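The numbering of the sequence shown is our numbering, which starts it at 2 and goes up by one. Ideal Cβ placement from N, Cα and C applies to all residues, glycine included. Quantities reported herein were computed from a predicted structural model and do not represent experimental measurements.
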Amino acid sequence: MSRQALYWLIGLWLALLPHAGNSAETWPRAAGTDFRAMVWNVSRESFYEHRGTYVAALRAINADFMIFDEMSGTHDANDVAGVLQEIDPAHPQAWQVAYGSSGYNQRVVFALRAPLEPLRQFNYLPYPPRLVARLRKVPTNPQQREWLDANLAAGIGSFAVEARLGGRRIIAVGVDLQCCGDSDGAWEEDRRHVEAREIRTLLDRVWTARSPDAVIVAGDFNAVRGLRPVNLLQGKHKRAELRLAIAEAKHANGVEVWTWDGRGTPFPSRPIDYMLHSRELSVRQALVFDPETMSADERKRVGLEADGFKPLSEHRPVVV
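Laid out in C-alpha cells, this is it:
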C-alpha cells in the first residue's frame, strides 16, 4: 500500500470517529420506566428559528412520545417530522406526526415512532355560542376585533390521538388554553374555564366509546389565576376511574416547580404547563427540563447551556 493511500485511510478513519461535540448523553430514566412522555409549548416559529438547539434538547430529553403545543397554524406534519428526523437520523423507525387542526395559531402536535390515530372528534372544537356572544361585547379596537373573531372561529386549541405506548392503548389529549387575564373575573379566565369544560366533555365521550387502557392530557393550561382550568380537566372526584392525576414535576435541583419563565413579564414564574394521567399509569419520574436549574455536571452531561436554551421558549418542557 502506498504512503498516500495510507494517509487517505487514516483520514477516513478520523473522519468517522465520533466528534467530541456529539458526546452528549440523554437524561437518565428511572428504574421501571415503560415509556417517557414530554409536553412542551414551543412558541410557534421558534421551533424552526432555533431548530438546532431544539434538536439538541429533544435528543437529551429522549422522549418516546412527544406532545407539542402552541405550534403554528402555517406549518404541517412534514415540517415537524423533518426537524425530529435530525434527533437520530440513523434510527430505523421514522417519527409519525399528527398535526392538530383546531385552534387559531396554537395547534397541538403529537409525535411517536409508531402509528398514531388522530381522533376525528377533536378535528375542530367550536366555542359555545354563549361564550362567543359574551366576547363580542368585550371592548376592542377594529384590529383587535378582527383578531378575536378569527381566533374564536378557528376553534379551541386542542387535539387528540390514540397511541400504543408501553404495550398500552392510550388516548392522549393536548391542550393550549387561553392566555393572560389580570383578575379572576377576566374574560380570559372565563374562556379558559369554557375551553377546559368543552375538552373534558368531549374526552369523556371518547373515553367511554373507546375504553382505552389509559389516558393522558397535557399542555399549556395557562393557569395564571389558579388551578381551576386544570381541575376541570382532571374530572370529577366522585368518578375515581375517570379522574386524572397531576404528574408533580420539579426542576433538576429538586426545588423549583415553575414551567413558565415570567421574568420580565407581568405574570410571575409559576407552573402553568401540566401532564395529567389516569390511574392506570404511575409516574416514576417527573422533571421540568431546564439547564439553568441543573448542576454544572448535569449540563455538561446533556450538552446544553442555560444561555442557549432560554431563547427557545418562555415555557419549559415537562418530562414524565
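* Within the same chain, show all residues whose beta-carbon is closer than 8 Å to that of His194, passing over the 5 residues directly before and after it, in chain order. => Arg229, Pro230, Leu233
* Asked: How many angstroms separate the CA atom of Cys181 from the CA atom of Pro269?
  -> Straight-line measurement puts the Cα of Pro269 at about 11 Å from the Cα of Cys181.
* Quick one: give me the first and last residue of the alpha helix (DSSP H) that Pro119 is part of. => Note, Pro119: premise wrong, no alpha helix (DSSP H); beta strand (DSSP E) at 117–119.
* Asked: Applying the criterion that 16 or more other CB atoms from any shown protein chain within 10 Å of the CB defines a buried residue, is Tyr8 buried or exposed?
  -> Low per-residue confidence applies at Tyr8: pLDDT is 37, beneath 50, and the placement is therefore not dependable, though the value from the model is reported in the following sentence. Classification for Tyr8: exposed.
* State the start and end residues of the unbroken beta strand (DSSP E) segment that holds Val278. => Reading the sequence as shown, one finds His at residue 278 and not Val. Residues 274–278.
* Asked: Below 8 Å between beta carbons: does that hold for Ala64 and Val320?
  -> yes
* Asked: What beta strand (DSSP E) runs, 3 residues minimum, are completely inside the stretch 53–94?
  -> 66–72
* To do: May I ask you to report which of helix, strand or coil DSSP gives Asp35?
  => It is coil, neither helix nor strand.
* Three CB pairs or more closer than 8 Å across the stretch 119–133 and the stretch 159–167 -> The stretch 119–133, when compared against the stretch 159–167, does touch it at the 8 Å Cβ threshold.
* Other residues of its chain near Asp35: CB distance less than 6 Å, five sequence neighbours each side excluded -> Gly167
* Asked: For Leu313, which of Asp221, Val40, Ser47, Ile62 has the nearest alpha-carbon?
  -> Considering only alpha carbons, the answer is Ser47.
* **Alpha-carbon to alpha-carbon, Gly33 and Arg285** => 7 Å
* Between which two residues does the alpha helix (DSSP H) containing Phe48 stretch? -> The continuous alpha helix (DSSP H) containing Phe48 extends over residues 47–50.
* Which first and last residues belong to the alpha helix (DSSP H) in which Asp191 is found? -> 188–211
* Contact set for Ala61: own chain, Cβ-Cβ below 7 Å, skip 5 residues either direction -> Ala25, Thr27, Trp28, Val303, Gly304, Leu305
* Asked: What is the DSSP secondary structure of Asn42, reduced to helix, strand or coil?
  -> strand
* So, do the stretch 137–154 and the stretch 245–260 have three or more beta carbon pairs nearer to each other than 8 Å? -> Output reads no: the stretch 245–260 does not touch the stretch 137–154.
* Asked: Roughly how far, in whole angstroms, is the beta-carbon of Ile157 from the beta-carbon of Gly104, given that I think they are within contact range, below 8 Å?
  -> 7 Å
* Classify Glu190 as buried or exposed, calling it buried when 16 or more other Cβ atoms lie within 10 Å of its own Cβ. => Buried, by the Cβ-count rule.
* At 4 residues or longer, and completely inside the stretch 122–159: list those alpha helix (DSSP H) runs for me, N to C. => You should have 130–136, 143–154.
* Asked: Can you pull the DSSP bridge partners for Leu326?
  -> Within the shown structure, residues of the chain are numbered from 2 to 321, placing residue 326 beyond reach of any answer.
* Asked: Hey, out of Arg45, Ala253, Leu282, Arg114, whose CA is closest to Glu242's CA?
  -> It is Leu282 whose Cα lies nearest to the Cα of Glu242.
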